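J.: Here it is: the structure, laid out below.
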Ligand code: F0G
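Numbering (this note's numbering), first residue to last: -4 to 480.
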């Protein structure tokens, strides 16, 4: 174990998987393009200039010679070079084979099942490490619901209401709330905690309004590592807090909001040598890219025209944008979808920056009922700005009323989601009304979290005294005016 309090590792820095990893990944500053080693004794989350870092990797197909994404590290700039049709056929074949394996656990064999994870199935594009280090539940494999007016199919009148509400013929919703702990965070966390495992970290920590903390607590517990979560003193969803506590994480409530908790956890992690697992950690972003890869595979690699998602700290916007860029450069898809990031109007710093042509980076004191995106100073601003610019994307804002109205439509369809996710549908509807998304375009929207988060928000609550006597007559009275028989 290192002498220095900020030395995270317990002596694994010279171990061969880390050495091997160091030869294929590096960290690049999104602001000034400085390059740092991908693996180092003191984990680095920022450049000396203060900018956030992005993972660059040499990507190898397991059955092909040489590196696929050019020789050397991938660069941040969009490659304008034309991708040959079917250039990605060997990648498609690899991922199809892996997705078709049935996940079975051979008796008495200690084995990993990376192919059955919706993240590690794409491991060459996520984090090239030996399989025995992977910490996975597994995660991913979330549904892509066809809910547009035309693509909805039979016996789905409820789901079709979503397409009607958005005004879209071909709409899909990918429900990341179907991940093991109830949000997309599991996709980044499996990679972040796997890195903690490789590095021999002593403890992991994050700031969170609920979902990140539950995810961190679960994956840390799986590895047997102490997890610490920093929570704002208000607006943390009770169920998510219960999850973190049940999984055994140490919770620290701090006076202030998410932005305050985020600043503090970064400082504490650097001072105490705790491994930081917010999306400031670039390996979290690498895991969240799998949302993009998985939805493309579900669409048989026919990229949609648009991808719409809620935007808070902007990790997901950055990750999915990066996945699309890489999929395009590998020849997996023929074009890069346009990305629409949707913010709550009371927590809209990214929208404000977009409206001023990204001339200045805006901050706000965030206020919205959608607690998951109640963020006024998003960490991944620069990464996400690049994604919006290079995908010819847009940033939209929606009011809390619009979020609640959209949530009611998603809930009543039988799919359901937490409030931040509903910003996706509210934003899509607005962009259709404004003529930016065309009615006949193919759109994928991301639902980021499970209905059971913030379940007091926008859902009618049972009233005290609602119970009736247990008699058929009382049931008839209760149903009168609701259903006719
Ligand atoms: N949707 C949900 C359900 C979330 O939990 C979050 C972030 C976001 C969207 C925003 O995603 O940051 O990638 O733009 N939740 C954090 C948390 C704040 O603590 O769980 P982003």
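Quick reminder that beta carbons are idealized off the backbone N, C-alpha and C, glycines included. As the structure is a computational prediction, the values presented were derived from the model and not from experiment.
1. In chain order, which beta strand (DSSP E) runs of at least 3 residues are fully inside the region 270 to 356?
2. Distance check for residue 121 and residue 48, CA to CA, integer angstroms please.
3. Does the distance from the CB of residue 211 to the CB of residue 272 come in under 7 Å?
4. Who does residue 24 pair with in a DSSP beta bridge?
5. For residue 66, I'd like the list of residues in its chain whose CB is within less than 7 Å of its CB, leaving aside the five on either flank, ordered along the chain.
6. In the DSSP assignment, the beta strand (DSSP E) including residue 485 goes from what residue to what residue?
7. So what's residue 178 in DSSP terms, helix, strand or just coil?
8. Counting beta carbon pairs with one atom in the region 123 to 131 and one in the region 399 to 413, are three or more of them shorter than 8 Å?
9. Taking three-plus beta-carbon pairs below 8 Å as touching, is the region 193 to 211 in contact with the region 257 to 274?
10. Taking 6 Å as the cut-off, does the CB of residue 310 come closer than this to any heavy atom belonging to the ligand F0G?
11. What does a CB cutoff of less than 6 Å around residue 180 pick up in its chain, not counting 5 residues either side in sequence?
12. Per DSSP, which one or two residues make a beta bridge with residue 167?
13. Measure the alpha-carbon distance for residue 274 versus residue 225 and round it to whole angstroms.
14. Tell me whether residue 245 sits in a helix, a strand or coil according to DSSP, three-state version.
15. In terms of residue numbering, what span does the alpha helix (DSSP H) encompassing residue 264 cover?
16. Using the three-state DSSP reduction, which class does residue 374 fall into: helix, strand or coil?
17. Just grab the DSSP bridge partners of residue 444 for me.
18. Run the proximity test for residue 204: is its beta-carbon closer than 6 Å to any non-hydrogen atom belonging to the ligand F0G?
19. Are residue 185 and residue 213 touching if we call contact CB-CB under 7 Å?
20. According to DSSP, what are the bridge partners of residue 32?
21. Can you tell me the Cβ-Cβ gap for residue 178 and residue 187, rounded? I've got them flagged as a contact below 8 Å.
22. Would you mind reading off the limits of the alpha helix (DSSP H) that contains residue 470?
23. Evaluate residue 99 with the Cβ neighbour count: other Cβ atoms within 10 Å of its Cβ, from every protein chain shown; 16 or more gives buried, anything less gives exposed.
24. Grab the span of the beta strand (DSSP E) containing residue 152 for me, first residue to last.
25. Alpha carbons only, please: which of 408, 448 and 159 is nearest the one belonging to residue 230?
26. Let me know if residue 391 comes out buried or exposed under the rule of 16 or more other beta-carbons within 10 Å of its beta-carbon.
27. Can you look up residue 359 in the DSSP assignment and give me helix, strand or coil?
28. Nearest to residue 444 by CA position, among 246, 44, 405 and 23, is which residue?
29. What is the DSSP secondary structure of residue 434, counted as helix, strand or coil?
30. Tell me which same chain residues have a C-beta within less than 6 Å of the C-beta of residue 153, skipping the five on either side of it?
T.: Inspection of the coordinates gives the following:
1. 301 to 305 and 333 to 339
2. Going from the Cα of residue 48 to the Cα of residue 121 covers about 16 Å.
3. yes
4. 48
5. For residue 66, the predicted structure reports a pLDDT of 35, less than 50, and the residue's modelled location is therefore unreliable. A value from the coordinates is still provided. If we look at residue 66 and ignore the five residues flanking it on each side, it has no Cβ neighbours.
6. An answer regarding residue 485 cannot be provided, because it is not within the stretch -4 to 480 covered by the chain.
7. strand
8. no
9. yes
10. yes
11. 206, 207 and 210
12. 141 and 439
13. Taking the straight line joining both Cα atoms gives about 14 Å.
14. strand
15. Counting along the chain, the alpha helix (DSSP H) containing residue 264 begins and ends at 253 to 267.
16. DSSP places residue 374 outside both helix and strand once states are collapsed to three, so it counts as coil.
17. 178
18. yes
19. no
20. 21
21. The pair is not a contact, with the Cβ atoms about 14 Å apart (cut-off 8 Å).
22. 467 to 474
23. exposed
24. Looking at the DSSP string, residue 152 is not in any beta strand (DSSP E); the run it does join, the alpha helix (DSSP H), is 152 to 161.
25. 448
26. By the neighbour-count rule (16 or more Cβ atoms within 10 Å), residue 391 is buried.
27. coil
28. 405
29. coil
30. 408 and 409
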